[in-house]
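There are 2 protein chains.
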Amino acid sequence: LPVVTCGITHGISMFADVWIDPGDVVILPDMMWGNYNMIFGLRKAARIRSYPIFTSSGAFNVTAFEEAVKDEARKNKKITVLLNFPHNPTGYTATHQEGDQIVTILTGIAKSGNHVLAVTDDSYFGLFYEPETLKESLFARLCGQDPRLLAVKLDGCTKENFVWGLRVGFITYGLQAKNDLAATYDALEKKTAGCIRGNISNASHLGQSIVLKSMQNENFPGEKQDKFNILKKRANKVKAVLSDAKYQDAWDVYPFNSGYFMCIRLKSVNAEKLRLHLLETYGVGLISIGDDNLRVAFSCLEENDIQELFDIVLQGVQDLS
Amino acid sequence: LPVVTCGITHGISMFADVWIDPGDVVILPDMMWGNYNMIFGLRKAARIRSYPIFTSSGAFNVTAFEEAVKDEARKNKKITVLLNFPHNPTGYTATHQEGDQIVTILTGIAKSGNHVLAVTDDSYFGLFYEPETLKESLFARLCGQDPRLLAVKLDGCTKENFVWGLRVGFITYGLQAKNDLAATYDALEKKTAGCIRGNISNASHLGQSIVLKSMQNENFPGEKQDKFNILKKRANKVKAVLSDAKYQDAWDVYPFNSGYFMCIRLKSVNAEKLRLHLLETYGVGLISIGDDNLRVAFSCLEENDIQELFDIVLQGVQDLS
């Protein structure tokens with residue numbers, strides 16, 4: 470059974486408390502949610518190994534992923550791989566083919582003798598806007614592949630259902646064991662729940678009750694679909710707007726097909742400088758990531774404001790050039 | 470400003486994450502909430518130093534407290550003292566005089582050169598049933614006593630206000646500093662909030678909103694007083710019932726004057742055996758603590774059921790004798 474956490478962040482940090490020792494390696498893409506670094510790097514003193522998330526042609530960089538995993542598998546008996554689709558910040562979800570390759574790589578590593586912890590952060594699950602992307606969590610495919618491969622799913626019900634601040638998340642384990650599968654799951658559940666007990670006692674009861682009740686309501690599926698349609702329209706509008714050639718000197722667009730966010734790579738100005746300029750001059754709030762990248766939360770943009778937003782960003786780039 | 474936590478347990482564990490290193494000493498009474506051991510002992514690998522909470526005459530054992538504090542202060546530059554009034558499990562709150570002595574002892578240790586972290590867990594604050602007990606948190610008296618004494622208050626608004634499961638708690642710091650007091654508080658707030666960010670992102674927004682709204686309601690003070698009166702009546706009824714001499718061969722009553730709980734010390738039977746016997750034979754659920762103690766949550770007992778409960782416990786003792 471899933472163990473309830475105080476949101477998915479808490480799921481990640483409880484996973485880290487139960488499973489990560491100082492010096493362990495955690496394999497993550499070079500673009501990632503900053504809090505991973507806080508949780509794994511700062512709190513747990515783990516070493517984060519990055520790989521470039523995209524190929525130059527805009528696909529998930531399976532080759533770089535495989536190299537990083539194999540390299541770390543040579544150096545460490547135990548490796549931890551965190552997969553986050555839809556991805557924060559890029560809004561990318563792996564295709565069916567890329568998903569198969571990821572599963573094959575991790576299973577192969579486990580079969581060759583490494584202990585593999587494969588963790589999926591499914592915070593934005595369900596918000597898939599394109600036919601070619603995976604529509605299920607990689608967790609399902611990773612379960613039961615090998616006794617040395619433990620699949621861990623971290624998900625929530627609040628972001629998926631378009632409510633925030635209720636802080637309801639889940640940790641779910643999937644594994645293969647020759648004997649005593651039930652006893653093994655029971656032990657994992659008790660260890661994890663014990664860790665939560667020693668951290669927060671338990672998660673908000675009220676949040677859980679509200680989510681459950683809302684999901685039992687007959688209007689729930691329809692309302693959820695309506696919200697999905699709104700986000701999908703916004704994502705498509707972003708793509709349409711950004712196909713305009715006038716932006717191409719200012720930035721490249723990272724691939725995106727899902728989730729809440731998308732990113733652009735600036736060609737001529739510093740991302741943090743531009744962020745501050747946009748905020749101070751135009752009252753536009755974006756997130757800078759590293760020197761070159763800006764994250765746009767299209768999920769919070771009205772469809773009709775999308776054109777204007779990117780025109781302001783372009784103006785900002787020109788102001789600073 | 471207080472930092473919001475996901476309940477007081479989370480306040481304790483965030484305090485521990487920010488302030489406690491492996492091997493640090495945490496001074497606690499011999500009777501205590503079991504989760505302290507999980508948080509400080511198991512999670513943080515701190516060493517717990519106990520002192521007997523009561524004298525044989527039923528007062529807070531200031532002498533034993535002082536001995537433990539001074540002994541650890543000799544061995545460690547930094548000591549952490551956790552004070553929990555009203556106390557779980559005994560329901561004891563220090564008297565005004567005992568409170569003064571505690572503050573004097575801790576201030577003296579700080580003035581003599583030790584770094585003292587004095588933490589108050591005020592989970593059951595306000596539920597004081599006797600005139601002689603402290604009616605304010607020791608936190609207030611510990612603030613500003615010495616630059617080497619950091620007072621930390623962990624409290625909540627849900628237990629105090631008779632709601633549970635909302636998971637809303639607070640961490641508040643109180644200190645003395647020669648310069649830059651505001652900057653020091655700002656740094657403490659940021660460090661602590663950062664630790665929470667890396668653990669759960671943030672606490673339930675809904676719980677906070679509900680508590681705030683309920684407190685703004687004009688009926689709130691009256692309703693809170695009504696609930697207090699009910700608990701106080703139950704506490705007094707427990708005292709009246711237990712003054713009957715028929716129980717005196719079976720157990721002693723630990724002092725209590727506040728909170729949700731009280732404890733008895735069994736004279737002739739094992740506490741865990743009795744607990745199981747009461748549960749299986751009479752459907753009565755109590756908590757055993759160590760070999761000799763049973764905790765009774767009189768807060769959840771109707772006044773009219775109190776006599777019957779203790780008669781069942783006595784019957785249970787006689788069954789096993």
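Residue numbers (the numbering used here), protein chains in the order written: chain A, 470 to 790; chain B, 470 to 790.
Glycine residues also receive a C-beta, built at the ideal position from the N, C-alpha and C atoms.
So residue i contacts chain A; which residues on that side make the cut at Cβ distance below 7 Å?
i	result
G595 of chain B	Correct list: empty, because the minimum Cβ distance to chain A is about 20 Å.
I508 of chain B	G667
Taking the alpha carbon of residue i as the point to measure from, which residue in the options has its own alpha carbon closest?
i	options	result
M500 of chain A	A:L789, A:D591 and A:N553	A:N553
G728 of chain B	B:E601, B:S592, B:Q566 and B:M507	B:S592
I723 of chain A	A:Q717, A:I733, A:K715 and A:A714	Note that residue 723 of chain A corresponds to Tyr in the displayed sequence, not to Ile. Comparing Cα-Cα distances from Y723 of chain A to each of A:Q717, A:I733, A:K715 and A:A714, the minimum goes to A:I733.
L611 of chain B	B:E777, B:Q787 and B:V550	B:V550
Y642 of chain B	B:R703, B:V487 and B:G476	B:V487
T559 of chain A	A:K742, A:M731, A:D774 and A:A514	A:M731
L747 of chain A	A:N726, A:T474, A:K622 and A:L778	A:L778
H556 of chain B	B:Q570, B:R516, B:Y505 and B:L575	B:Y505
K546 of chain A	A:V585, A:I517, A:I489 and A:V531	A:V585
F597 of chain B	B:N705, B:V765, B:L681 and B:Y654	B:N705
L511 of chain A	A:Y520, A:I574 and A:I489	A:I489
N739 of chain A	A:E772, A:G613, A:D713 and A:D788	A:D788
V538 of chain A	A:F509, A:D569, A:L575 and A:M507	A:L575
D493 of chain B	B:R518, B:M483, B:V680 and B:V637	B:R518
K417 of chain B	B:Q776, B:P471 and B:D774	The structure shown does not extend to residue 417 of chain B, since chain B is modelled only from 470 through 790, so no value can be given for it.
G613 of chain B	B:E601, B:E536 and B:L650	B:L650
V572 of chain B	B:S678, B:M507 and B:A587	B:A587
E601 of chain B	B:T562, B:V637 and B:K513	B:T562
Please list, in chain order, the chain B residues whose beta carbon lies closer than 8 Å to that of residue i.
i	result
G492 of chain A	By Cβ distance, chain B contributes nothing, its closest Cβ being about 15 Å from G492 of chain A, past 8 Å.
Run through chain A and tell me which residues come within less than 8 Å of residue i, C-beta to C-beta.
i	result
L511 of chain B	G667
L552 of chain B	Near L552 of chain B there are no residues of chain A at all, since even the closest Cβ is about 20 Å away, more than 8 Å.
S482 of chain B	G667, N668 and I669
Kindly list, in the order they appear in chain B, the residues whose Cβ is closer than 9 Å to that of residue i.
i	result
H479 of chain A	C475, N668, I669 and S670
Mind checking which residues open and close the beta strand (DSSP E) that includes residue i?
i	result
S519 of chain A	R516 to Y520
N762 of chain A	N762 to V765
K547 of chain B	K547 to L552
A714 of chain B	Premise fails: A714 of chain B is in no beta strand (DSSP E) and is neither H nor E.
T641 of chain B	G638 to G643
V588 of chain A	H584 to D590
D721 of chain A	W720 to V722
L623 of chain A	L618 to G625
L497 of chain B	V494 to P498
L735 of chain A	M731 to L735
V753 of chain B	Where V753 of chain B is concerned, there is no enclosing beta strand (DSSP E), given that its DSSP letter is neither H nor E.
T474 of chain B	V472 to T474
How many whole angstroms separate the CB atoms of residue i and residue j, which I take to be in contact at a CB cut-off of 8 Å?
i	j	result
S670 of chain A	T478 of chain B	4 Å
L607 of chain B	T564 of chain B	L607 of chain B to T564 of chain B, Cβ: 12 Å. No contact.
A719 of chain A	L783 of chain A	5 Å
E567 of chain A	F529 of chain A	4 Å
R703 of chain A	F639 of chain A	The Cβ separation is near 27 Å, so there is no contact.
N726 of chain A	E541 of chain A	Not really, about 28 Å apart at Cβ, beyond 8 Å.
G676 of chain B	S673 of chain A	6 Å
C626 of chain A	V680 of chain A	5 Å
So with CB distances below 9 Å, who are the chain A contacts of residue i?
i	result
R454 of chain B	Lying before the first or after the last residue shown, residue 454 of chain B is absent from chain B, which here runs from 470 to 790.
S592 of chain B	Going along chain A, no residue has its Cβ under 9 Å from S592 of chain B, so there is no contact; the nearest lies around 11 Å.
N504 of chain B	R666, G667 and S670
Taking 7 Å as the threshold (beta carbon to beta carbon), is residue i in contact with chain C?
i	result
M501 of chain A	The structure shown has no chain C; the protein chains it does contain are A and B.
For the alpha helix (DSSP H) holding residue i, just list the boundary residues, first then last.
i	result
N668 of chain A	L650 to I669
V531 of chain A	V531 to K544
S678 of chain A	H674 to Q685
S482 of chain B	I477 to W488
T573 of chain B	H565 to K580
D780 of chain B	I775 to L789
R791 of chain B	A query on residue 791 of chain B cannot be resolved here, the shown segment of chain B reaching from 470 to 790 and no further.
E741 of chain B	A740 to H746
*Does the count of Cβ pairs from the stretch 681-695 of chain A and the stretch 512-524 of chain A closer than 8 Å reach three?*
No: fewer than three Cβ pairs fall under 8 Å.
*With contact counted as at least three CB pairs below 8 Å, one residue from each stretch, are the stretch 574-584 of chain A and the stretch 608-619 of chain A in contact?*
yes
*Looking at C-beta atoms only, is the number of pairs between the stretch 742-757 of chain A and the stretch 493-509 of chain B that lie closer than 8 Å three or more?*
no
*Segment contact flag, the stretch 760-769 of chain A with the stretch 732-752 of chain A, C-beta cutoff 8 Å, min 3 pairs*: yes
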